[in-house]
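Beneath this line is the structure, given in structure tokens, with notes to follow.
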Amino acid sequence: MGIESDPEIIRINQVYTWAPSQLSSLPLSAQRTAITLEEDPAKAEAFQREVHTDFMQMRGQPELSWMEYMALPSRQPTILCVIFRSLIESPPEHQIVPPVIYQVLERQTCREHVLAVNALVDYIISQMNAEKNLEEFLPMMIRVLNLMVFHRHVMTFDRLLLALVLHPATDHASQIAMVIVQALLNCTEINERIDFYCRYIPKRDVDAPEHFRRLAEYHRKFPEMTFGEMANRPPMMAEIINSRMHYPIYYGSLIERLLP
Numbered sequence: 034m035g036i037e038s039d040p041e042i043i044r045i046n047q048v049y050t051w052a053p054s055q056l057s058s059l060p061l062s063a064q065r066t067a068i069t070l071e072e073d074p075a076k077a078e079a080f081q082r083e084v085h086t087d088f089m090q091m092r093g094q095p096e097l098s099w100m101e102y103m104a105l106p107s108r109q110p111t112i113l114c115v116i117f118r119s120l121i122e123s124p125p126e127h128q129i130v131p132p133v134i135y136q137v138l139e140r141q142t143c144r145e146h147v148l149a150v151n152a153l154v155d156y157i158i159s160q161m162n163a164e165k166n167l168e169e170f171l172p173m174m175i176r177v178l179n180l181m182v183f184h185r186h187v188m189t190f191d192r193l194l195l196a197l198v199l200h201p202a203t204d205h206a207s208q209i210a211m212v213i214v215q216a217l218l219n220c221t222e223i224n225e226r227i228d229f230y231c232r233y234i235p236k237r238d239v240d241a242p243e244h245f246r247r248l249a250e251y252h253r254k255f256p257e258m259t260f261g262e263m264a265n266r267p268p269m270m271a272e273i274i275n276s277r278m279h280y281p282i283y284y285g286s287l288i289e290r291l292l293p
């Protein structure tokens, strides 16, 4: 890292931007070629308009037409932003994600889904930045994010957490993201899962049969559904699991992905 002409540093700095506070942790040779990113209100406003357009398209088009519209190569990864806006603007009894949304999500590649979560992080940070009444907006936003993660299953908690921590490119955006992270980690939804896992599930290498039995119990209590499973069930039956089709114990759990 201390070699001034290090080609690896040059390549990294050509494609990666740094927040000003991050530069102090880099070697001087890296700081000379580093690119910092400043707030761009015009870009944020343009993305807000795009989310609004896609949201109105979802409301105004038949489902198949909207699927084709969202699949266009020129589209920005707004799908999760559209879901967020739909849920936050709906009364609780109408906070439903239609099957067509899950069909769109299921067609995404891993990279496309990561970009969609990153776009959601940019969107909610922009919303927070523009909101005047944060004391009212933040709890409402956190409720919708928890709904998206733990009940509508449009993304996982660990992916959202990772994006909030790593994706913001400016110091100001990172500060807002940390406020959101703190609020999410203080919520009942994640703490119930951590408490159950740490209290009742033994380590696999200590008691494997009991570990998997308890893990199955964990998944019955706290289901982690796939897009395909959610697309094939009525929206109001989102928490009902078909045990013949759902085998989550074979791929671990959210808490295993979060805790060392």
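FYI, the working numbering numbers position 43 of the sequence shown as 76, with every residue one higher than the one before it.
Even for Gly, the Cβ is constructed at its ideal location relative to N, Cα and C.
None of the values given here were measured: they were computed from a predicted structure.
Any idea what DSSP makes of residue i, helix, strand or coil?
i	result
T221	helix
N187	First, the amino acid is wrong: residue 187 is Val here, not Asn. V187 falls in the coil class under three-state DSSP.
G261	helix
K254	helix
T203	coil
M34	Note that M34 has pLDDT 44, beneath the 50 cutoff, so the model's placement of it is unreliable and the number below is only indicative. In the structure shown, M34 sits in coil (DSSP, three-state: anything other than H, G, I, E or B).
P40	helix
N179	helix
P74	helix
S159	helix
D228	helix
N151	helix
P242	helix
L61	helix
R144	helix
R290	helix
D164	Here residue 164 is Glu; the residue named in the question, Asp, does not match the sequence. DSSP places E164 in coil when its eight states are reduced to three.
I213	helix
R92	helix
I234	coil
G285	coil
M266	Position check: residue 266 holds Arg in this sequence, whereas Met was assumed. Coil, per DSSP.
F170	helix
R247	helix
Assign residue i to one of two classes, buried (16 or more other C-beta atoms within 10 Å of its C-beta) or exposed (fewer than that).
i	result
D73	exposed
Q215	exposed
H146	buried
L287	buried
V182	buried
L197	buried
I234	buried
I42	buried
V177	buried
P53	exposed
M241	It is Ala, not Met, that sits at residue 241 in the sequence shown. Exposed is the call here.
A79	exposed
N179	buried
P60	exposed
D87	buried
R44	exposed
V115	buried
S159	buried
S98	exposed
L248	buried
Next item on the list: Would you be able to state if there are at least three C-beta pairs under 8 Å between the segment 248 to 258 and the segment 224 to 238?
Entry: yes
(request) Counting only runs of 4+ residues fully inside the segment 94 to 142, write out the alpha helix (DSSP H) ranges in chain order. (result) 96 to 103, 112 to 121, 132 to 139
query = Per the contact definition of three or more C-beta pairs closer than 8 Å, is the segment 186 to 201 in contact with the segment 164 to 175?
reply = no
With contact counted as at least three CB pairs below 8 Å, one residue from each stretch, are the segment 97 to 111 and the segment 124 to 142 in contact?
yes
message = Taking 8 Å as the cut-off, does the segment 150 to 161 touch the segment 111 to 120 (at least 3 CB pairs, one atom from each stretch)?
response = yes
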